[in-house]
Every structure is written in structure tokens, then in C-alpha cells.
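S.K.: Heads up: the protein sequence lines correspond to chains S and P, in order.
Residue numbers for the first sequence follow full-length UniProt numbering, beginning at 1 and rising by one.
Residue numbers for the second sequence follow full-length UniProt numbering, beginning at 1 and rising by one.
Just so it is clear, CB atoms sit at the ideal spot from N, CA and C, and this is done for glycine as well.
From a predicted model like this one, the values you see are computed outputs, not experimental measurements.
One structure is given below, represented as C-alpha cells, and several questions about it will come after.
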Amino acid sequence: MLEVSNLSVSYGRHLALSDVALSVGQGEIVVVLGANGAGKSTFIKALAGLVTPAPGARILLGGQSLERLPAHQIVEAGLALVPEGRHLFSTLTVAENLSLGAFLPRTRAQASDSLERVFAVFPKLRQRLSQIAGTMSGGEQQMVAIGRAMMTDPQLLLLDEPSLGLSPLLTTELFRALPNIAATGTSVLMVEQNSHQSLSISDRGYLLEDGRITGEGAASDLLQSEAVQKAYLGM
Amino acid sequence: MIVRSPVPYILILAISGLLAFMPFFASGFQMAFAIGCLNYAVLATAWGLFSGPTRYVSLASVVFFGIGSYTVAVLGEVLPWPVILLISALIGGGVALIVGLATLRLAGIYFVIFTFGLSEMVRQLVTWYEVNVTRSIGRYIFLDITQPQIFWQLLGLLAVVLIGAVALQRSRLGFALRVIGGDETMARHFGLNPTFAKLGLFTASSAIMALAGAIMAPRWTYIDPAIAFNATLSFQVVIMALLGGMHRIYGPLLGAVLMSFLFEALGSQFPQAFSLLLGLVFIVIVYLLPNGIIGRIEELFALKRAVPQSTREGERT
Numbered sequence: 001m002l003e004v005s006n007l008s009v010s011y012g013r014h015l016a017l018s019d020v021a022l023s024v025g026q027g028e029i030v031v032v033l034g035a036n037g038a039g040k041s042t043f044i045k046a047l048a049g050l051v052t053p054a055p056g057a058r059i060l061l062g063g064q065s066l067e068r069l070p071a072h073q074i075v076e077a078g079l080a081l082v083p084e085g086r087h088l089f090s091t092l093t094v095a096e097n098l099s100l101g102a103f104l105p106r107t108r109a110q111a112s113d114s115l116e117r118v119f120a121v122f123p124k125l126r127q128r129l130s131q132i133a134g135t136m137s138g139g140e141q142q143m144v145a146i147g148r149a150m151m152t153d154p155q156l157l158l159l160d161e162p163s164l165g166l167s168p169l170l171t172t173e174l175f176r177a178l179p180n181i182a183a184t185g186t187s188v189l190m191v192e193q194n195s196h197q198s199l200s201i202s203d204r205g206y207l208l209e210d211g212r213i214t215g216e217g218a219a220s221d222l223l224q225s226e227a228v229q230k231a232y233l234g235m
Numbered sequence: 001m002i003v004r005s006p007v008p009y010i011l012i013l014a015i016s017g018l019l020a021f022m023p024f025f026a027s028g029f030q031m032a033f034a035i036g037c038l039n040y041a042v043l044a045t046a047w048g049l050f051s052g053p054t055r056y057v058s059l060a061s062v063v064f065f066g067i068g069s070y071t072v073a074v075l076g077e078v079l080p081w082p083v084i085l086l087i088s089a090l091i092g093g094g095v096a097l098i099v100g101l102a103t104l105r106l107a108g109i110y111f112v113i114f115t116f117g118l119s120e121m122v123r124q125l126v127t128w129y130e131v132n133v134t135r136s137i138g139r140y141i142f143l144d145i146t147q148p149q150i151f152w153q154l155l156g157l158l159a160v161v162l163i164g165a166v167a168l169q170r171s172r173l174g175f176a177l178r179v180i181g182g183d184e185t186m187a188r189h190f191g192l193n194p195t196f197a198k199l200g201l202f203t204a205s206s207a208i209m210a211l212a213g214a215i216m217a218p219r220w221t222y223i224d225p226a227i228a229f230n231a232t233l234s235f236q237v238v239i240m241a242l243l244g245g246m247h248r249i250y251g252p253l254l255g256a257v258l259m260s261f262l263f264e265a266l267g268s269q270f271p272q273a274f275s276l277l278l279g280l281v282f283i284v285i286v287y288l289l290p291n292g293i294i295g296r297i298e299e300l301f302a303l304k305r306a307v308p309q310s311t312r313e314g315e316r317t
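See the structure below:
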């Protein structure tokens, strides 16, 4: 469903991402693991249209090529971003934050269906609609940020380090929700440092080092693999 | 999700309807004070209309105010009054559109400096034109427009601006604007066009300021560039909006009324030290009331309401 190939990004002379190739199937959860500075955020930003990839890159979502589209048309095409640090509008209510996800014409028509899907995954949010987003806990804010992206009725949800700044308990709770999202047919692609917890709910994983993909495989294999355990799991 | 009660509209109309009777019993001094107060209220509200949601601090209020006044000085005896008002709004809005296209991509601090420079530039340009082309630096304005007429025009303008501001806040564009002030990258991601929204607001706000300048012009009888483009006005407008609270529609209005009384008191008691005291007031406001009076009141209410929620604090990570 998502096919990425030949994706390179450079900031000036610094090559942040080099020839990345990756694919995500429908309803699949895929994690890209990498340490700080491996190029995870650049990868996410390139997919979301927030940085421009080098010529030759191909990003296909359901057959439509995204690499030249401006950010909001990428959302229209079905790819929604949950940025690192969540970037909620902290002075707006939860309801207003969610409705922002359904701002574009295509998504507005389906806003009430999308909202029900959000509640199905995060039942907690139903009671919190009128709460000011900035007053919620970190885990709840992450739920709102994911909910807001789900309101765009995406084919693919892009998560930039969703566990960042969350306690292990909240991370577990959050990661448990992701398979429920994937079960509705929405694919999930995330970048993470937290490899153990993210691999345990993912279908497949990629390893990103110094801007290159250095390994890939089924999540269960990667969890067992010695290289991954050494590099990421600290065992 | 969004409250659409008609109460704000009814209140605005009712209060301005009541105030409209003021000229029938007020003294000359009271009328002069009320007109000054209304003028500040219009300018500060228009300023807040743009700067509140976008958080761009503009020091160009006097540019548009002065453009309005000069439109009257030039066209006053040539065209009928409503046409002059329309033209002044168009010129003010047109200049804002051009300036906005060039500058609204600038980050906050550069925008502040640019707008301050703009008022100096326009003043110098007008001076240059008057010296070299018309060969007289001042202009006289003799129009048959009475104090009460000025009062009613300003009152009407203020009511229209407030109603427009409430309607805007409830619209999709208003929602978009609140979001842009928060996080432009995410706003763009979800399909909002920040540049277009900012430009539209800047233009509307500037056209209103030009209208205020045009309406006020007949009071002056004589204007020159130093009077019409006096940068102090830009700062006064900012102080007023900050005092009341620039993030709410009624904040600048509240600040304008309070400040008008303060200006009057300072000006009559300590005419020599007026600027000095004004500066002190500015510092005190920024220091003690960073979100204005309305912001302070909201904080107090929020503290009361937030108590039961503080038990959730342990979950925060």
C-alpha cells in the first residue's frame, strides 16, 4: 500500500537519509527502529511533505505518488502525521483539536464516522471532549494527537516516536491501542527508539542507521535477533 | 461544539443603541472625551483582530489611521462623505495587502521592527510629496461634520467591528486563525493556509483603522504628516490592547476605555511628565499583567475550577 524507494534527503551537504526503501501493507503495523540522529524524524518529515526529498525518490500511497505534493495534499491523499512531541493546540479543547483533523473537505464529510472510530480506539476521549488539551496528561495528549490524525480518515498513520516522554505503563497502554487501529484497515508506520515494546505489537520492522536501512524482518524475528538485541535492547 | 448564541450580538447592539443617545445630554467636554475613547476602542479592537490570533505585534496602526486622515484632507471637499470613507478604507486595505504580502512571512520580531519602520517611511514619503509636489506641508480640513456625527459614526463602526469579530471567531476561518497562532506547521499539515488567513485579517484590520482615521479627520481642521503619522498612537494602541488582553475580542475595548481615563488623568494632572508616566504604565502592564486584565480574571477562574483535576497530576509523565 505504501511503497517507498530511493528516498534520500540532505540538509545542505549533510546527507540525512540515503536510498531508503520500505513498504507497508494494508492493515499492517511497521516500525522503523533507529537511535538518535539515525534519520528517523527526517524520514517521517519526508513522507509527510515537510522536507523535500532529493530527485529520484518515489513515495507511492495506494498507487498515488506523493513525493511532489504539498503537505496538506498528502493528508488529502490519505497519509496523516502524528508529530513527535504531539504538537497539540494546547489552548483548544479536545473536541476542537479533533475537529481540526477533519478540516479538509474530503474528511469533513466523514467527521462523525471518524469520530466514532476514534472513540472505539480511545474510549477515554469521549468524556474528555470539552477539556482543554494542554491540561491533559502526556499519555492522554498522545491519544488526542493520534485521534486528530485518525479524523483525517487516513489510509496510513505516521507516528513519530509516540512513546517519547511517556512512562513505560502509559507506553504499553498506547501501544495496545495500535493493533485496534490497524484492525480497521488503517496501516500504521512508526519510528521508535523503544524497540522492545514497539516490536512486540508490530508486524514487521526496519533498522535505520546513519540514514540507511541496515536490516529488516518480521518483528518476532527482530525481537530474537542478536544484532538487534545488542544495538537496541541493551542485552 | 461551537456555541452560536445570539446574546453577544444583542448585547453589542443594545449597548451601542443606548450610547447613541449620549450626544443629546452630554457636555462638550464629555463628548470630546467619548469620541477620543471610541476612537481608541475602534483602533485597539481592530489591532486585536489581527494581532490577537496571529500574535504578530504591529506598530503600524498609525500608518493606516494617517492614511484615512489624509484621504479626507485631500478629497474632503471634492467627493461626497460616504465615498470618501469607502476610498479611505480601500486605500488602507490596499496598502495593508501589499505590505502584508511582503512581510507576513517574517518571524514575529522582524515584523515588529518592519511595521515601526513603515510608519516612519510613510511619514517621510508624504512629507516629501507635500514639499516637492504640492509645496505646502500642512492641509486644512473644513467639513460640515459635527461632534455628534463623528460620535455616531465611530460608535457604529465599533459596533460593526465587534459584531464582525464575534462572527469571525465562530466561523471556520476564525477557528483556523486560532490554530495558526498555536502551531503553523501542524496547521499546514491539516490543510489550513496560514498566509492567506493572516493576510486577510491584516487587510481587514487596517481598513478599519483607515476608516477611524477618516472619521476623526474633521475634528482636526489642520493636519500635517507629523500629526497624522505620530508614532505615539501606534504604541498607545498596543498598550491598550495589552492592558485589556489581546487574546479576547473585548480585551482591547476594555483596555481602551480604562486607558482613555488614565490618559485624561495623566494629561491634566502631569502634562509635563505624560510620556514618562506612559512608559512606566507600559512596563507595569507587561510585567504584572502579561495576559491583560481579562487574562488575569480567566486565570483566577481557571484556578478555582482546576482544583478537582489536580488529582490527576500523578498520571502526568
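Going along chain S in order, which residues have a C-beta closer than 7 Å to the C-beta of Thr134/P?
M.R.: As a first step, residue 134/P must be located in the second sequence, where it is residue number 134. Residues of chain S passing the Cβ test: none, with the nearest at roughly 49 Å.
S.K.: Please go through the same chain and pick out, in chain order, the residues whose beta-carbon is closer than 6 Å to the beta-carbon of Glu299/P, but skip the five residues on each side of it.
M.R.: In the second sequence, residue 299/P corresponds to position 299, counting from 1. Here the set comprises nothing.
S.K.: If you compare alpha carbons, which of Met240/P, Ala159/P and Thr54/P is closest to Asn193/P?
M.R.: Along the second sequence, read from residue 1 onward, the residue named residue 193/P stands at position 193. Per the Cα distances, Thr54/P.
S.K.: Using a Cβ cut-off of 9 Å (strictly closer), state whether Phe196/P contacts chain S.
M.R.: The residue labelled residue 196/P in the question sits at position 196 within the second sequence. So, not an interface residue.
S.K.: By Cβ distance below 6 Å, which residues in the same chain neighbour Pro83/S in space, the five residues on each side in sequence not counted?
M.R.: Indexing the first sequence from 1 puts residue 83/S at position 83. Around Pro83/S: Asp160.
S.K.: Can you check which of these residues, Gly92/P, Ala265/P, Phe190/P and Ile297/P, is closest to Ala214/P by C-alpha distance?
M.R.: The count along the second sequence starts at 1 and reaches residue 214/P at position 214. Ranking Gly92/P, Ala265/P, Phe190/P and Ile297/P by Cα distance to Ala214/P puts Gly92/P first.
S.K.: Residues of chain P with CB under 9 Å from Val75/S, in chain order?
M.R.: Along the first sequence, read from residue 1 onward, the residue named residue 75/S stands at position 75. What Val75/S touches in chain P: His189, Phe190 and Gly191.
S.K.: If we require 3 or more residues per run, which beta strand (DSSP E) segments fall completely within the stretch 75–133 of chain P?
M.R.: You should have found no qualifying run.
S.K.: Cα-Cα, which of Trp152/P, Leu242/P and Leu13/P is closest to Ile283/P?
M.R.: The residue you call residue 283/P lines up with position 283 of the second sequence. Closest option to Ile283/P, Cα to Cα, is Leu242/P.
S.K.: Excluding the five sequence neighbours on either side, which residues of its own chain have a C-beta within less than 6 Å of the C-beta of Met151/S, listed in chain order?
M.R.: If you number the first sequence from 1, residue 151/S lands on position 151. Within the same chain, Met151/S has close Cβ partners Leu98, Gly101, Ala102 and Ser114.
S.K.: Roughly how many angstroms separate the alpha carbons of Ile2/P and Val72/P, rounded to a whole number?
M.R.: Here the question's residue 2/P lines up with position 2 in the second sequence. Here the question's residue 72/P lines up with position 72 in the second sequence. Below a pLDDT of 50, predicted positions are generally treated as unreliable, and Ile2/P, at 48, falls in that range; the measurement from the model is reported next regardless. Approximately 41 Å, taken between the alpha carbons.
S.K.: Quick one: Cα of Leu173/P to Cα of Leu158/P, how far?
M.R.: To locate residue 173/P, count along the second sequence from 1; it is residue 173. To locate residue 158/P, count along the second sequence from 1; it is residue 158. When rounded, the distance between both Cα atoms is 21 Å.
S.K.: Find out if the Cβ-Cβ distance for the pair Gln141/S, Arg86/S is shorter than 9 Å.
M.R.: Position 141 of the first sequence, counted from the first residue, corresponds to residue 141/S. Position 86 of the first sequence, counted from the first residue, corresponds to residue 86/S. In contact: Gln141/S and Arg86/S (Cβ atoms closer than 9 Å).
S.K.: Between which residues of its own chain and Asp221/S is the CB-CB distance below 8 Å, once the five residues before and five after are set aside?
M.R.: Translated into positions along the first sequence, residue 221/S becomes position 221. Taken in chain order, the list of residues that qualify is empty.
S.K.: For Glu120/P, count the other beta carbons within 10 Å of its own beta carbon; 16 or more makes it buried, fewer makes it exposed. Which is it?
M.R.: Here residue 120/P corresponds to residue number 120 of the second sequence, with the count starting at 1. Classification for Glu120/P: exposed.
S.K.: Below 8 Å on the Cβ atoms is my guess for Ala177/S versus Phe122/S; work out the distance and round it to an integer in Å.
M.R.: Counting from 1 along the first sequence, the entry for residue 177/S is found at position 177. Counting from 1 along the first sequence, the entry for residue 122/S is found at position 122. About 6 Å separates the two Cβ atoms, so the contact holds.
S.K.: State yes or no: is the C-beta of Asp221/S nearer than 8 Å to some heavy atom of the ligand MG?
M.R.: For the ligand MG, the structure offers nothing, since it holds no ligand at all.
S.K.: Can you name the start and end residues of the beta strand (DSSP E) that Met190/S belongs to?
M.R.: Taking the first residue of the first sequence as 1, we reach residue 190/S at position 190. Where Met190/S is concerned, the enclosing beta strand (DSSP E) stretches over Ser187 to Glu192.
S.K.: Of all Cβ atoms in chain P, is any one closer than 9 Å to the Cβ of Ser112/S?
M.R.: In the first sequence, counting from the first residue as 1, residue 112/S sits at position 112. Chain P, which has no Cβ nearer than 9 Å to the Cβ of Ser112/S, makes this no.
S.K.: Within 10 Å of its beta-carbon, does Glu67/S have 16 or more other beta-carbons around it, so buried, or fewer, so exposed?
M.R.: One-based indexing of the first sequence puts residue 67/S at position 67. Glu67/S should be labelled buried.
S.K.: Name, in chain order, the residues that DSSP records as bridge partners for Thr93/S.
M.R.: In the first sequence, residue 93/S corresponds to position 93, counting from 1. Answer is Ile132/S.
S.K.: Using only CA atoms, which one of Leu189/S, Ile146/S, Asn194/S and Gly147/S lies nearest to residue 324/S?
M.R.: Summary: the structure shown does not reach residue 324/S, with chain S confined to residues 1 through 235, and so no result is reported for it.
S.K.: Would you mind working out which of Leu155/P, Ala207/P and Asp224/P sits nearest Ile84/P, comparing C-alpha positions?
M.R.: Within the second sequence, the letter at position 84 stands for residue 84/P. Measuring from the Cα of Ile84/P, the nearest candidate turns out to be Ala207/P.
S.K.: Just tell me which of Arg105/P, Ile293/P, Leu143/P and Arg170/P has its CA closest to the CA of Pro6/P.
M.R.: Within the second sequence, numbered from 1, the residue matching residue 6/P stands at position 6. Ranking the options by Cα distance to Pro6/P, first place goes to Arg170/P.
S.K.: For the alpha helix (DSSP H) that contains Val139/S, what are its first and last residues?
M.R.: Within the first sequence, residue 139/S is the residue found at index 139, counting from 1. Note that residue 139/S is Gly in the sequence shown here, rather than Val. Element bounds for Gly139/S: Gly138 to Met150.
S.K.: Going by DSSP, what residue range makes up the alpha helix (DSSP H) through Asn180/S?
M.R.: Here residue 180/S corresponds to residue number 180 of the first sequence, with the count starting at 1. Looking at the DSSP string, the run of the alpha helix (DSSP H) that includes Asn180/S is Pro168 to Ala183.
S.K.: Taking any Cβ of chain S, which residues in the stretch 161–188 of chain P have a Cβ under 9 Å from it, in chain order?
M.R.: Those would be Arg172, Phe175, Ala176, Arg178, Val179, Gly181, Gly182, Asp183, Thr185, Met186, Ala187 and Arg188, in chain order.
S.K.: Just the Cα atoms here: how many angstroms apart are Lys124/S and Ile15/P?
M.R.: Counted from its first residue, the first sequence places residue 124/S at position 124. Counted from its first residue, the second sequence places residue 15/P at position 15. Taking the straight line from one Cα to the other gives about 44 Å.
S.K.: Put Arg55/P into one of helix, strand or coil per three-state DSSP.
M.R.: Your numbering for residue 55/P matches position 55 in the second sequence. Residue state, collapsed to three classes: coil.
S.K.: Do the stretch 19–29 of chain P and the stretch 124–141 of chain P make contact, defined as three or more Cβ pairs closer than 8 Å?
M.R.: Judged by Cβ distances under 8 Å, the stretch 19–29 of chain P makes no contact with the stretch 124–141 of chain P, as fewer than three pairs qualify.
S.K.: How about Leu17/S and Ser23/S: do their beta carbons lie closer than 9 Å?
M.R.: Against the first sequence, residue 17/S aligns to sequence position 17. Against the first sequence, residue 23/S aligns to sequence position 23. No, the pair does not count as a contact, with Cβ atoms beyond the cut-off.
S.K.: Using a Cβ cut-off of 8 Å, which residues of the stretch 93–111 of chain S contact any Cβ in chain P, in chain order?
M.R.: Listed in sequence order: Ala95, Glu96, Ser99, Leu100, Gly101, Phe103 and Leu104.
S.K.: May I ask you to list the residues that DSSP assigns as paired with Ser23/S?
M.R.: Here residue 23/S is taken as the residue at index 23 of the first sequence, counted from 1. Its beta-bridge partners are Glu3/S.
S.K.: Secondary structure at Val281/P, three-state DSSP: helix, strand or coil?
M.R.: Within the second sequence, numbered from 1, the residue matching residue 281/P stands at position 281. Here Val281/P sits in helix by DSSP.
S.K.: When Cβ atoms are compared, which residues of the stretch 45–74 of chain S fall closer than 9 Å to chain P?
M.R.: Of all residues in the stretch 45–74 of chain S, Ala48, Gly49, Leu50, Pro70, Ala71, His72, Gln73 and Ile74 have a Cβ within less than 9 Å of some Cβ in chain P.
S.K.: So which of Asp224/P, Arg248/P, Phe64/P and Tyr9/P has the shortest CA-CA distance to Asn291/P?
M.R.: For the purposes of this step, residue 291/P is identified with residue 291 of the second sequence, where counting begins at 1. Out of Asp224/P, Arg248/P, Phe64/P and Tyr9/P, Arg248/P has the C-alpha closest to the C-alpha of Asn291/P.
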